[in-house]
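Protein sequence lines correspond, in order, to chains A and B. Take 958 as the starting number for the first sequence in this note's numbering and just add one per residue. Take 1000 as the starting number for the second sequence in this note's numbering and just add one per residue. Quick reminder that beta carbons are idealized off the backbone N, C-alpha and C, glycines included. On a predicted model such as this, the values are computed, not experimentally measured, just so you know. Down below is the structure, laid out as structure tokens.
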Amino acid sequence: MLDSLITLDRRWIFLLMGLAVAIPVLTQQTFPEALTATSRNVFTAVEELPEGSLVLLAFDYDPGSAPELQPMATAFTRHCCLKKHKMVFLTLWPTGTPMVDQTIRDVIQGEFADLNLQYGEDYVNLGYRPGNEVAIKALATDMRKLFNTDAQGTSLDDLPLTRDVRNILAAKLALNVSAGYPGAKEWVQYGTTQGTLPLGVGVTGVQAPQMYPYYPDQVLGILAALKGAAEYEAALGDRYERYRDPKLNAAIQRMGPQLFAHLLMVGLIVLGNVVHFAHRRREAAQ
Amino acid sequence: MRSLLRNTLPAVIAGVAGVVMIGAFFVPVAKPLQQLAEVWFTILAAMAFLIGGTNLFLHHAKKVAQLQAGWGFSAVTLTAFVGTVVVGLLKWGVPPAEKYPNVAWSGSYQEEGSVLWWLYEYVMNPVIATMFSLLAFYVASAAYRAFRAKNTEAILLLGTAFIVLLGRTYAGTLLTSWVPDAYGALTFPGMTDSVIMAVFTTAGQRAIMIGIALGIAAISLRIILGLDRSYLGVDE
């Protein structure tokens, strides 16, 4: 028994992990989410803004992080639509443009089609802004110096929402969904510290520890990884009844596979150590 | 002359740009100069895309031409690179914009239904997602084979990993649901957020950030003063 565990073919582990993820995905089992303070602060900031406030939504991620971050982008946009906030979208990642487009298509033009939100009046997509930190700095000081048009090439002066906006500090709140560089950290360092723009961030699990030193002064709240997204979705469900349906909440659905994958990891670590020490004891006895 | 163009001039430009950026932070009247430097940075960043693309093309074209080891991978890279650039530049399959229905190239290059959109949606998207998904399997394998409680540091790491792995799921909430609300910090989610992330992680990250900031300040000063030219490919 011990020998077979020592030389365990890793394909058995792959199979276990595959099952741990696949079974909850197929059964669509969901679990309740308790709201942590870091997530609650972001939700409250969006919820308590006066209706029709200007909100900046910066989506700095690509398809690799989309399973973790897209639910945050969707939830932020959904919440802004529910509160009838004005939205300005942009991304600092060249591969982030389709993420913004998809969110606008799914949420504003799909889920909230009945609101008939008008491009240019209720929301604007600035698209990809190259230049990393310098782009953020320019957006925070005088965005017209570097960026005069939206993603479609329309002059910002021709769009009612951006006509009088000289920089992003005109927004009442910035929400950044970030997978790395440039992202949440750079928005803190070069964007929001230029003025008094409150910033809420949604980040990957890897990036979350880097953001905690900025909380709660420079960053009002953090959605940390998939759990943060699930907490935000749960908060939306608590406040707005139509979002209690698990089918509308991708992150809550994905927490099922995450639960069983984590339990498997804990089990594997324990088993690996038991095998290791049993093997050492046997060798010492011989 | 060659040395002047390759070494001295870039060092002077870097030094002047650095002084301008620092000066404008403290002297508001110098702000226009700072904004000018930022505009130039953005232009140079855009040019870097061209240089990077050209370099990538030449590097892989050379490997394919000389049939070096792994030339097949280079051929795939070249095909993907050239194909993406061509369909993007020519806006293949992009319908005209609603505003200009008679102008062939007026639509956005990433318009839904275009070839570039198709490549992104059905090639890049699943490829990147697959790469990241595979991590779950390799991490599980590594957890079984390599995560050993061999010494005190490893035991601390293991303990932290257990708390975070459980605290980030409903299992942690369930296992410590009997803990009174007044002692919420002793639950798995509480320990993850209030102790590990808010105390130990934050303290460690702050130390790292301050160290990095001091290092950046020192290196920046050396670059501005022309003492460090390693970024130009020069030793001193």
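If the cut is a Cβ gap below 7 Å, which residues of chain A does residue i touch?
| i | result |
| --- | --- |
| B/L978 | For chain B, the structure presents residues 1000 to 1235; residue 978 of chain B sits outside this window and is missing. |
| B/V1038 | K1102 and L1103 |
| B/M1208 | P1170 |
| B/A1013 | Ordered by position in chain A, no residue passes the 7 Å Cβ test against B/A1013, which lies about 15 Å from the chain. |
| B/F1161 | V1223 |
Sorry if obvious, but does the Cβ on residue i come closer than 7 Å to a heavy atom of the ligand ZN?
| i | result |
| --- | --- |
| B/L1174 | Annotation note on the ligand ZN: not contained in the displayed structure, which lists no ligands. |
Who are the neighbours of residue i on chain A, taking C-beta pairs under 9 Å?
| i | result |
| --- | --- |
| B/L1157 | I1226 and N1230 |
| B/A1044 | P1087, G1088, N1089, V1091 and A1092 |
Beta-carbon within less than 6 Å of residue i's beta-carbon, same chain only, minus the 5 sequence neighbours each way: which residues are those?
| i | result |
| --- | --- |
| A/G1162 | A1182 |
| B/R1221 | D1227 |
| B/R1105 | Per the sequence presented here, residue 1105 of chain B reads as Ser, with Arg not at that position. Cβ within range, chain order: P1095, A1096 and Y1099. |
| B/E1235 | Residue confidence for B/E1235 is low, a pLDDT of 49 falling below 50, so the modelled location carries little weight and cannot support an answer. |
| A/A1207 | P1028 |
| A/V1045 | L1013 and V1081 |
| A/A1141 | N1133, S1135, V1158, V1160 and M1168 |
| B/L1077 | H1059 |
Skipping 5 residues on each side, what residues in its chain have a beta carbon closer than 8 Å to that of residue i?
| i | result |
| --- | --- |
| A/D1019 | W1050, T1052, G1053, M1056 and A1136 |
| A/H1233 | none |
| A/L959 | V1232, A1235, H1236 and R1239 |
| A/K1112 | In the sequence as displayed, the identity of residue 1112 of chain A is Ser instead of Lys. Counting only Cβ-Cβ distances below 8 Å, and skipping sequence neighbours, we find N1105 and T1106. |
| A/A1023 | M1056 |
| B/S1193 | G1183 and A1184 |
| A/P981 | G1213, P1214, L1216 and F1217 |
Going along chain A in order, which residues have a C-beta closer than 8 Å to the C-beta of residue i?
| i | result |
| --- | --- |
| B/A1016 | Neighbours of B/A1016 on chain A: none; closest Cβ ~11 Å, over 8 Å. |
| B/T1041 | P1087, G1088, V1091, A1092, A1095 and L1103 |
| B/Q1034 | A1095, T1098, D1099 and K1102 |
Who are the neighbours of residue i on chain B, taking C-beta pairs under 8 Å?
| i | result |
| --- | --- |
| A/F1046 | The contacting residues do not exist; A/F1046 stays about 14 Å from chain B at best. |
| A/A1108 | S1107 |
| A/M1212 | T1168 and Y1169 |
| A/D1058 | Q1109 and E1111 |
| A/H1036 | The contacting residues do not exist; A/H1036 stays about 22 Å from chain B at best. |
| A/M974 | A1135, F1136 and A1139 |
Run down chain B in chain order and give the residues with a C-beta less than 7 Å from the C-beta of residue i.
| i | result |
| --- | --- |
| A/I970 | A1139, S1140 and Y1143 |
| A/K909 | In the structure as shown, chain A begins at 958 and stops at 1243. Residue 909 of chain A is therefore absent and cannot be evaluated. |
| A/D1019 | I1127 |
| A/P956 | As displayed, chain A neither begins before 958 nor continues past 1243, which places residue 956 of chain A out of reach and without an answer. |
| A/R967 | S1140 |
| A/D1114 | None at all; the shortest Cβ gap to chain B is about 16 Å. |
| A/Q1215 | T1168 |
| A/H1233 | R1147 |
At 9 Å on the CB atoms, spell out the chain B contacts of residue i, in chain order.
| i | result |
| --- | --- |
| A/R1201 | Residues of chain B passing the Cβ test: none, with the nearest at roughly 17 Å. |
| A/Q1066 | Ordered by position in chain B, no residue passes the 9 Å Cβ test against A/Q1066, which lies about 11 Å from the chain. |
Keeping to the same chain, check which residues put their C-beta closer than 7 Å to that of residue i; ignore five residues upstream and five downstream.
| i | result |
| --- | --- |
| A/W969 | none |
| B/W1116 | Q1109 and E1110 |
| A/A1165 | I1179, A1181 and A1182 |
At a Cβ cut of 7 Å, what residues of the stretch 1186-1205 of chain B count as close to chain A, listed as they run along the chain? P1188, D1192, M1196, A1197, T1200, T1201, Q1204 and R1205
When the Cβ atoms of the stretch 1087-1107 of chain A are set against those of the stretch 986-994 of chain A, are three or more pairs found closer than 8 Å? Taking 8 Å as the limit for Cβ pairs, the verdict is that the stretch 986-994 of chain A does not touch the stretch 1087-1107 of chain A.
Could you say if the stretch 1125-1142 of chain A and the stretch 966-980 of chain A meet the contact criterion of at least three C-beta pairs nearer than 8 Å? no
Scan the stretch 1114-1131 of chain B for residues whose Cβ lies nearer than 9 Å to a Cβ of chain A and list them as they occur along the chain. Those residues of the stretch 1114-1131 of chain B that come within reach of chain A (Cβ to Cβ, closer than 9 Å) are W1116, Y1119, E1120, M1123, N1124, P1125, V1126, I1127, A1128, M1130 and F1131.
Three Cβ pairs or more, each shorter than 8 Å: is that satisfied between the stretch 1020-1038 of chain A and the stretch 1176-1194 of chain A? yes
Quick check for students: name the residue ranges of the alpha helix (DSSP H) that lie wholly in the stretch 964-1034 of chain A, counting only runs of 4 or more. 967-984 and 994-1005
Give me the subset of the stretch 1138-1169 of chain A whose CB atoms are less than 7 Å from a CB atom of chain B, sorted by chain position. P1166, Q1167 and Y1169
Determine, using beta-carbon pairs with one atom in the stretch 998-1010 of chain A and one in the stretch 1169-1179 of chain A, whether at least three such pairs fall under 8 Å. Taking 8 Å as the limit for Cβ pairs, the verdict is that the stretch 1169-1179 of chain A does touch the stretch 998-1010 of chain A.
What are the complete beta strand (DSSP E) segments, minimum 3 residues, inside the stretch 1082-1150 of chain A? 1130-1135
Does the count of Cβ pairs from the stretch 1005-1012 of chain B and the stretch 1169-1187 of chain B closer than 8 Å reach three? no
Listed from N- to C-terminal order along the chain, which residues in the stretch 1133-1156 of chain B have their beta-carbon within a distance smaller than 7 Å of any beta-carbon of chain A? A1135, F1136, A1139, S1140, A1142, Y1143, R1144, F1146, R1147 and A1148
In chain order, what are the residue ranges of uninterrupted alpha helix (DSSP H) at least 4 long that sit wholly in the stretch 1151-1223 of chain B? 1151-1166, 1169-1174 and 1201-1223
Give, in chain order, every residue of the stretch 1168-1186 of chain B whose Cβ lies closer than 8 Å to some Cβ of chain A. T1168, Y1169, A1170 and T1172
So within the stretch 1041-1097 of chain B, which uninterrupted beta strand (DSSP E) runs reach at least 3 residues, ignoring any that extend past its ends? none
What are the uninterrupted segments assigned as alpha helix (DSSP H) that are 4 or more residues long and contained completely in the stretch 1027-1071 of chain A, given in chain order? 1054-1060
With three or more beta-carbon pairs closer than 8 Å as the criterion, would you say the stretch 1171-1184 of chain B touches the stretch 1149-1161 of chain A? no
Three or more C-beta pairs closer than 8 Å, one from the stretch 1224-1242 of chain A and one from the stretch 1003-1011 of chain A: is that the case here? Flag = no, the stretch 1224-1242 of chain A and the stretch 1003-1011 of chain A do not touch.
Interfacial residues, the stretch 977-1010 of chain A to chain B, with Cβ spacing under 8 Å: If the cut-off is 8 Å between Cβ atoms, the stretch 977-1010 of chain A has V978, F988, P989, E990, A991, T993, A994 and T995 near chain B.
Is the number of C-beta pairs between the stretch 1082-1091 of chain A and the stretch 1062-1072 of chain A that are closer than 8 Å three or more? no
Three Cβ pairs or more, each shorter than 8 Å: is that satisfied between the stretch 1161-1175 of chain A and the stretch 1188-1205 of chain B? In this structure the stretch 1161-1175 of chain A touches the stretch 1188-1205 of chain B; the number of beta carbon pairs closer than 8 Å is three or more.
Would you call the stretch 1062-1074 of chain B and the stretch 1111-1127 of chain A in contact, with 3 or more CB pairs under 8 Å? Touching, no, given that fewer than three Cβ pairs across the two stretches are closer than 8 Å.
Between the stretch 1140-1150 of chain B and the stretch 1198-1217 of chain A, are three or more C-beta pairs nearer than 8 Å? no
Could you run through the stretch 1078-1096 of chain B and flag, in chain order, every residue whose CB is less than 8 Å away from some CB of chain A? A1096
Please give the ranges of any alpha helix (DSSP H) in the stretch 1160-1204 of chain A, keeping only runs that are unbroken, at least 4 residues long and fully inside the region. 1165-1168 and 1182-1196
Please determine if the stretch 1207-1219 of chain B and the stretch 1188-1197 of chain B are in contact, where contact requires at least 3 C-beta pairs separated by less than 8 Å. no
Length-filtered (4 minimum) alpha helix (DSSP H) runs lying within the stretch 1118-1151 of chain B: Runs found: 1124-1145.
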